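Novice: Numbering (our numbering), first residue to last: 521 to 927. Glycine residues also receive a C-beta, built at the ideal position from the N, C-alpha and C atoms. Here the structure is a predicted model, which is why all the values come from computation and not from measurement. Below: one structure in structure tokens.
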Ligand code: UTP
């Protein structure tokens, strides 16, 4: 894109502040800014300030495998899952590209130390959880770690410095997700520094296309990986490559499986499994009518009662088939570092603008058959979103201790 073309589009979009100081930039900086401007998706930016724009189809219930049902067939599921893992058909994908802005640290979230009397980092917890399985099964699981431009170098360095927490390095590969521009509450593009748009990771929904773009599909095929288990960085209790979960998904003919927990109450703010126009899907709490949120079956259980915890497995062949499908854009309010009109760096204490994200939950709708799989919340769900309060370092520490982890 030339300078004139940039000026023309920015004038039309009322974003000319982006060109402030353009002439003072080096040739390389100018080219970099023009490339950033060229890459902007104006349709997405136009969503600023508009709340959820994703229209929902017709919602109906989707049954989950319950704890009782799983218990009855546990050995069968576990054996099937172990066989699949032992055959090298399972890979794991750690979604660690987020900025963790609610924690308020500039470091990758996985570097957070949850230990009290010793060091125990989030990344370490996750690797240890994975190693429970690989030790039990007697085979390693390739681990693909998604980072972003902002935290890639730090994340790689941290794993190297800690010798991958005992996991074989040859089984760990990193890849970088895409970034997207962010705007303030008036829809104005924010600048990170003079001549550079403020960008942030574009949500966890692009994980598979980013992995493919990084050339890792080749690795996946070479190793014969047929299933990918994706999981969030911040749930320190979760089981990764859980053989029982994998076995259940395979035996029930799913092309995807989703770990779920029973909702604590009808109002709980979690997305729940459902069908949407007959396809498996997830409906967010704010999209459910009060009547639906309170609807109960003959046994008195909530009909929309199973919340997702960002731990899914997907069949690779299905992921490849849907890779080019357009994902909906979610507009989220976040704290976005930027420079003010005088060029001073601002690190806001409260949200100051919008980011545009695609989300992994929206992939479920692109699957044919998803197997929701109930787990015990207190054993498998300890997300660290904040330092204190709900879903925090404090609550996660308590849950880790309840589960026998020495902090
Ligand atoms: P969150 O929704 O908690 O977002 O991510 P976040 O960016 O980490 O944290 P806040 O909201 O700014 O405090 C859920 C999971 O998805 C990953 C996160 O790393 C976490 O594992 N994620 C999120 C990505 O990998 N990329 C993204 O762009 C966003």
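So, is residue 697 buried or exposed, given that buried needs 16 or more other C-beta atoms within 10 angstroms?
Specialist: With 16 or more Cβ atoms within 10 Å of its Cβ, residue 697 is classed as buried.
Novice: Residue 741: buried (16+ other C-beta within 10 angstroms of its C-beta) or exposed?
Specialist: Flag for residue 741 reads exposed.
Novice: Going by the beta-carbon positions, is the gap between residue 654 and residue 616 smaller than 8 angstroms?
Specialist: Going by C-beta atoms, residue 654 is not nearer than 8 angstroms to residue 616.
Novice: Less than 8 angstroms between the C-beta atoms of residue 664 and residue 708, yes or no?
Specialist: The answer is no: Cβ separation not under 8 angstroms.
Novice: Taking Cβ positions, are residue 757 and residue 923 nearer each other than 8 angstroms?
Specialist: Cβ atoms of residue 757 and residue 923: closer than 8 angstroms.
Novice: Taking residue 611 as the reference, which of 590, 662, 796 and 624 has the closest Cα?
Specialist: Closest option to residue 611, Cα to Cα, is 662.
Novice: Would you check whether the ligand UTP has a heavy atom nearer than 7 angstroms to the C-beta of residue 619?
Specialist: Result yes, Cβ under 7 angstroms from the ligand UTP.
Novice: Straight-line CA distance for residue 597 to residue 522?
Specialist: Taking the straight line from one Cα to the other gives about 59 angstroms.
Novice: Considering residue 731, what are the terminal residues of the beta strand (DSSP E) in which it resides?
Specialist: Looking at the DSSP string, residue 731 is not in any beta strand (DSSP E); the run it does join, the alpha helix (DSSP H), is 727-733.
Novice: Leaving out five residues before and five after residue 634 in sequence, what residues of the same chain have Cβ atoms less than 8 angstroms from its Cβ?
Specialist: Same-chain partners within the cutoff: 640, 641, 642, 645, 756, 904, 913, 916, 917, 920 and 927.
Novice: Between which two residues does the alpha helix (DSSP H) harbouring residue 768 extend?
Specialist: Residues 763-771.
Novice: Does the segment 700-718 come into contact with the segment 846-861, if we say contact requires no fewer than three beta-carbon pairs (one atom in each stretch) closer than 8 angstroms?
Specialist: The answer is yes - the segment 846-861 touches the segment 700-718, with three or more Cβ pairs under 8 angstroms.
Novice: Quick check: does the Cβ of residue 721 come within less than 7 angstroms of any heavy atom belonging to the ligand UTP?
Specialist: Checking the Cβ of residue 721 against the ligand UTP gives yes.
Novice: For residue 863 and residue 803, what's the separation of their Cα atoms in angstroms?
Specialist: Rounded to whole angstroms, residue 863 to residue 803 spans 42 angstroms at the Cα level.
Novice: Name the residue from 722, 830, 749 and 527 whose alpha carbon lies nearest to the alpha carbon of residue 902.
Specialist: It is 830 whose Cα lies nearest to the Cα of residue 902.
Novice: For the beta strand (DSSP E) containing residue 875, list its first residue and its last residue.
Specialist: Per DSSP, residue 875 belongs to the beta strand (DSSP E) from 873-877.
Novice: Can at least three beta-carbon pairs, one atom from the segment 774-790 and one from the segment 890-899, be found at a separation below 8 angstroms?
Specialist: The segment 774-790 vs the segment 890-899: in contact.
Novice: Examine the ligand SAH and report whether any of its heavy atoms sits within less than 7 angstroms of the Cβ of residue 644.
Specialist: By its list of ligands, the structure shown excludes the ligand SAH, since it contains just the ligand UTP.
Novice: Using the three-state DSSP reduction, which class does residue 536 fall into: helix, strand or coil?
Specialist: Helix at residue 536.
Novice: Below 8 angstroms, can you find three or more Cβ-Cβ pairs linking the segment 582-602 to the segment 837-848?
Specialist: Touching, no.
Novice: According to DSSP, residue 747 sits in a beta bridge with which residue or residues?
Specialist: Paired residue(s): 610 and 835.
Novice: The ligand UTP heavy atoms versus the CB of residue 785: any closer than 7 angstroms?
Specialist: Checking the Cβ of residue 785 against the ligand UTP gives no.
Novice: What is the DSSP secondary structure of residue 827, counted as helix, strand or coil?
Specialist: The answer is strand: DSSP assigns residue 827 an E or B state.
Novice: Between residue 850 and residue 907, what straight-line distance do the alpha-carbon atoms span, to the nearest angstrom?
Specialist: In a straight line, the C-alpha of residue 850 is about 25 angstroms away from that of residue 907.
Novice: For residue 547, which residues in the same chain have their Cβ closer than 7 angstroms to its Cβ, ignoring the five residues on either side in sequence?
Specialist: Nothing meets the Cβ criterion.
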